[in-house]
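Numbering of the sequence shown is given in our numbering, commencing with residue 770 and proceeding in unit increments. For each residue, glycine too, the CB sits at the ideal point set by N, CA and C. Remember, predicted model here, so these are calculated numbers, not experimental data.
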Amino acid sequence: MRLFILSIFICMQYVNAQDCDYKNNPEGQILYDFNKEDNVKFILNGNIKVYQSEQGINIDIEKGQNGKIIFSGNWDLSCWSYLGFTITNTSKQVSRINPIVKGKMKSRKWVKPIEGICWVNPSETLEFNNLLLPDYGTKKSFYNNLNLDFPHMRGFPDGISFVSSFDMRFVEQIEIEFPPSQIEQSLILKKIRAYKPSVSPLYLNNKESFFPFIDKYGQYKHGDWPQKIKNDKQLKSQIQTEDKDLKLNPISSEWNKFGGYKQGSKFKGTGHFRVEKIDDKWWFIDPEGYFFWSTGVNSAGKFNIATPINGRRHFFEDLPNRDKSNFYNGNKYNFGDLILSIKYGSSDLYLNRSLKRMKSWGMNTMGGWSNNDIIQANDDQKVPYTLSVGTLKYKVNSKLPDVFNEDWKTTVNNNIKRVSASAKNDSFFIGFFVDNELTWYDPNNFVLEMFKFKKSTATKSKYVKELKKEFVKIEVLNKKCGSNFISWKEFEDFEGDKFLSNLKDFNVKFYIQFCEKYFKTIKEAINNHSPEKLYLGCRWHAGGRKKHRNQYNIVIASKYVDVLSFNQYVNELNDFHFPGKEGIDKPFIISEFNFGALDVGKFYPGLGHASSQRNRGEKYENFIESALNTTNCIGAHWFMWANSTTAGRGYEGENANCGVLSETDTPYYELIKYIRKINYNIYSYRTKK
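Printed below as a string of C-alpha cells:
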C-alpha cells in the first residue's frame, strides 16, 4: 500500500437526518468534485496508475491487474439515499467497478460495509448510485420519529432502508475497487456526492399534506417514475404492450418442453427429475434425460399485494368501505386483487399469463410458494415446479420443529401426502422444499434457546432424559455445571440459559441426534408418499453469528436430501462456501436471491440492493453467471415474482423492490432484458466452461 497525495480537501457536514436542509442543497452533499478540485488526499492500493487532469482523476489499469482507491474522512450522510460516483469509461469494453462504503456504530464494534457493483459501458459517463442503508440498530434510536409514524414498514419514505451495516452519521471511508479484467481499462472519476433525500421533504415540512401517501393502486403517491400507473386505462393498456413483447420473445431456443437442454447430450430419462454428476459438474436431469439447470422465481404466478390497515388507515388514499369491496381479508387490504380485477377482469387468466411470462423470461422453474394451480394446467402450458411443505406445528424454539414429538412425524407425513397427492405422478413436478430459514443455531445455542423458549417440549424432555443417562444423579450434573438444582424435575422446568454452556460436548451429541431425526423423518415421508420426487432441503439462510448453517446440520442433511438449498443474498457466488463443503459432494440450489433499487417509488430495496433497474439486471446476469461457474450449483431462484406492498406486508413490514413485476403487475423491462440475456443461454454458457 502506498500513499498518493495531490494535497488535501475534505468536505465535512454534520446534520440531523430528520432536519435536513434539502432546499439549500439541491445537488446534495458534494464530497469531491474532481473537475474543480486539485487538492485531494487518498490512498492508492494495488497496480493502478492515477493522475489528475481537467476532467477528473484518470485511472489506468493494465490487463489482469487490480487496485483500489481509498478516501478517508468523517461524513454525516444520513440525509441522503445515494452516494453517487460519476465515472467515464474511455476503454473499448465494459469496465467493472466495486464501490464500498464503510462507517462505524456508536454502540458496537461490529459493522458491515455497503458494497455495490457498477458496470460502465465504453464511452459512457455514468453516475452510479451506491445505496446508503443505515444499520437496523439505528431504526429505534436515531430514526425513532419515523419508526413511530411508519409502523410495520422496513423502509421509510423516501428511502431510509435498514440492513446490517453502520450508522450513516459516521461514514469514515469510501473505497473504489477495480477487479482484474481481461482488457486494459481507462476510466475517469469525476465526482462523488451524496444525494436523493432519504426523508421525504414534504413529510419534514408538512406532515398533514404528506398523508395519505399511498394511492388507490398501492403506489407511492408523492413520487414519479416511468410506468407509474395514473389511471385504469393505462393499467389495461399494458396488456397489449406486453403481448407484443411476449410474442417477440416466446422462449429460449435451447429449451425442450421442460426447459432442459435439447441441443445437448441425452442421458437416462426416467419420466421424473433427478440429479447426476457428469464430467465433474452436478446437474438436474429432466424427465427426458437432458441437462436441466433451474432458473426459477419464488411465488411465481401469485400476485398477493396485501398490507395491514388497522392503525394505518391514514396511509391510504381512496380505500373502499369494507362492505363495498371484496379485497379485504381481516386486517389486510389486498391491492393485488384490485389490480388483477381492473387489468384482467378477474384473476382466472393470471396463471396462463404467468406461465407465458416465465417461458419468455427464460425462467424454467416455479420456486417456493408458487401458484399450486400449476398442477391442473395443461402440459403444453406448464413449466417445472416445486412444492413447499411446512413442519412447524410443534416447535422447540421460535422457528424449529419439536422433532421428538410423536405427533410431529405424523404432521410431516400428512403434509407431504396432502401437498403431493395430485402432483406425485406429474413429470413437471421436481420436488419439495421443506421448511424455510429455520433457527438452527449451533449446538450450544440450540440448547440455550430451547430452555429459554418457556414451553414444555418433547425435545426438551428427551434432552433431560439423555442427560440422566449421562450423569445419573443431579448432583453430578451440578458439579459439572456449577449449578444447584435439587431434582431433575427442577432442571427440566428451568427456563433460563445459565449453566448449560458447560455441557458443550453433550450438546453436540444431542444436536447431531436432533438433526438426524429431522432430516431422516422428512426423507422417509417423501419416499413413502412421493418416491420419484426430490428432497430439495430446508432453505438455510445465512444466519451470521447465530450459525444456523454449521458443520453438523449441513453435513447430516447431505446424507438425506437430494439437493441442499441456501437463501443467499450476496452480490455473487464466487468462492461461495458453507460449513462442511469440503467433505460434501452434493448439488445445491440457491433458493432465494435478489437485488432491488429505490428508483421506482419503493423505500426498501430488499436483502440485495442495486443502483437502478438497469443495475438490478446487470447484477442478475452476473449472479447467474457466477452460479453457472460453480460446479455443484444446479439452480438459482429469484425472490420474488412481484414487489412487496409499498406500505409493508405483515408485522415485519417488508416493502421491497424485489419483484420482476411491480406492485401494479407492471413488468420491469430493463431487468427482464438482462434476465433473458443470460437465461436464454444458460446451457451453452455452462457446457462450454
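Whole angstroms is fine: what's the gap from residue i's alpha carbon to residue j's?
| i | j | result |
| --- | --- | --- |
| Met1132 | Ser1063 | 8 Å |
| Asp1266 | Lys1289 | 29 Å |
| Ser776 | Ser847 | Residue placement at Ser776 cannot be trusted, given a pLDDT of 32 that sits under 50; what the coordinates show is reported in the next sentence. Whole-angstrom Cα-Cα distance: 27 Å. |
| Leu800 | Arg962 | 5 Å |
| Ser1167 | Val1203 | 17 Å |
| Arg1383 | Glu1439 | 6 Å |
| Pro903 | Phe939 | 10 Å |
| Thr1179 | Ala1227 | 14 Å |
| Pro966 | Ser850 | 6 Å |
| Phe1254 | Ser969 | 57 Å |
| Ser1230 | Lys1278 | 16 Å |
| Gly1070 | Ile1008 | 16 Å |
| Tyr1443 | Glu1390 | 6 Å |
| Val889 | Asn1090 | 50 Å |
| Ser1431 | Asn1412 | 5 Å |
| Lys976 | Asn1336 | 39 Å |
| Gly1028 | Ala1366 | 29 Å |
| Phe1084 | Lys1221 | 38 Å |
| Gly1306 | Lys997 | 39 Å |
| Glu946 | Lys1234 | 56 Å |
| Asn1398 | Glu823 | 42 Å |
| Tyr1097 | Tyr972 | 28 Å |
| Glu1421 | Ser1123 | 27 Å |
| Leu956 | Ile856 | 7 Å |
| Met1135 | Val1158 | 15 Å |
| Tyr1287 | Val1172 | 6 Å |
| Ala1294 | Glu1175 | 14 Å |
| Ile1078 | Lys909 | 22 Å |
| Leu772 | Lys837 | The pLDDT assigned to Leu772 is 39, lower than 50, so where the model puts this residue is not dependable; a value taken from the coordinates is nonetheless given after this. Distance between the alpha carbons of Leu772 and Lys837 is about 12 Å. |
| Trp1024 | Tyr1030 | 5 Å |
| Ala1326 | Asn1319 | 11 Å |
| Leu1120 | Ala1146 | 9 Å |
| Asn899 | Pro868 | 7 Å |
| Leu1109 | Asp1001 | 11 Å |
Tell me whether residue i is buried or exposed, calling it buried when 16 or more other Cβ atoms sit within 10 Å of its Cβ.
| i | result |
| --- | --- |
| Gly1370 | buried |
| Val1241 | exposed |
| Glu1351 | exposed |
| Tyr905 | exposed |
| Asn1296 | exposed |
| Tyr1437 | buried |
| Arg1418 | buried |
| Asn1100 | exposed |
| Gly1428 | buried |
| Tyr820 | exposed |
| Asp788 | exposed |
| Pro1300 | exposed |
| Pro995 | exposed |
| Trp1130 | buried |
What are the residues that DSSP puts in a beta bridge with residue i?
| i | result |
| --- | --- |
| Phe947 | Gly836 |
| Gln821 | Ile826 |
| Gln798 | Ala963 |
| Ser1063 | Gly1404 |
| Gly1040 | Paired residue(s): none; Gly1040 is not in a bridge. |
| Phe1084 | Beta-bridge pairing links Phe1084 to no other residue. |
| Val1158 | Val1203 |
| Cys789 | For Cys789, which the question treats as bridged, DSSP gives no partner whatsoever. |
| Asn899 | Leu852 |
| Pro1077 | Lys1101 |
**Message:** Would the region 913-923 count as touching the region 822-830 if we require 3 or more Cβ pairs under 8 Å?
**Reply:** no
**Request:** Any chance you could list the alpha helix (DSSP H) runs of at least 4 consecutive residues sitting entirely within the region 912-942, in chain order?
**Result:** As far as the region 912-942 is concerned, its whole alpha helix (DSSP H) runs of at least 4 residues are 913-918.
**Prompt:** Which parts of the region 1182-1261 are runs of the alpha helix (DSSP H), unbroken and 4 residues or longer, counting only runs that do not cross its ends?
**Reply:** 1212-1221, 1227-1240, 1243-1250
**Validate contact between the region 866-878 and the region 970-984 using beta carbons, cut 8 Å, 3 pairs** = no
**Prompt:** Residue ranges of each beta strand (DSSP E) run of no fewer than 3 residues wholly in the region 838-880, ordered along the chain?
**Reply:** Along the region 838-880, the beta strand (DSSP E) occurs as fully enclosed runs of 3 or more residues at 849-858, 864-872, listed in sequence order.
**Asked** Which runs of the alpha helix (DSSP H), 4 residues or longer, sit entirely within the region 936-1018?
**Response** Those alpha helix (DSSP H) runs which fall completely within the region 936-1018 and span 4+ residues are 970-974, 976-979, 1001-1017.
**Message:** When you compare the region 876-891 with the region 1374-1389, are there three or more beta-carbon pairs, one atom per stretch, that lie closer than 8 Å?
**Reply:** Contact check between the region 876-891 and the region 1374-1389: three or more CB pairs, one atom from each, fall below 8 Å, which counts as touching.
**Request:** Output the residue ranges of the beta strand (DSSP E) runs that lie fully inside the region 1353-1411 and measure 3 residues or longer, sorted by chain position.
**Result:** Those beta strand (DSSP E) runs which fall completely within the region 1353-1411 and span 3+ residues are 1357-1362, 1402-1407.
**Message:** With three or more C-beta pairs closer than 8 Å as the rule, is the region 1245-1259 touching the region 1193-1211?
**Reply:** No, the region 1193-1211 is not in contact with the region 1245-1259.
**Message:** I'd like the ranges of any beta strand (DSSP E) spanning at least 3 consecutive residues and lying wholly in the region 1289-1364.
**Reply:** 1333-1336, 1357-1362
**Request:** Quick one: which unbroken alpha helix (DSSP H) runs of 4-plus residues sit fully inside the region 1097-1156? Chain order, please.
**Result:** 1104-1113, 1119-1130
**Request:** Check whether the region 1256-1270 touches the region 1143-1163, taking contact to mean three or more Cβ pairs, one atom from each stretch, closer than 8 Å.
**Result:** no
**Item:** Sufficient close CB pairs (3 or more, under 8 Å) joining the region 1107-1123 to the region 1046-1060
**Value:** no
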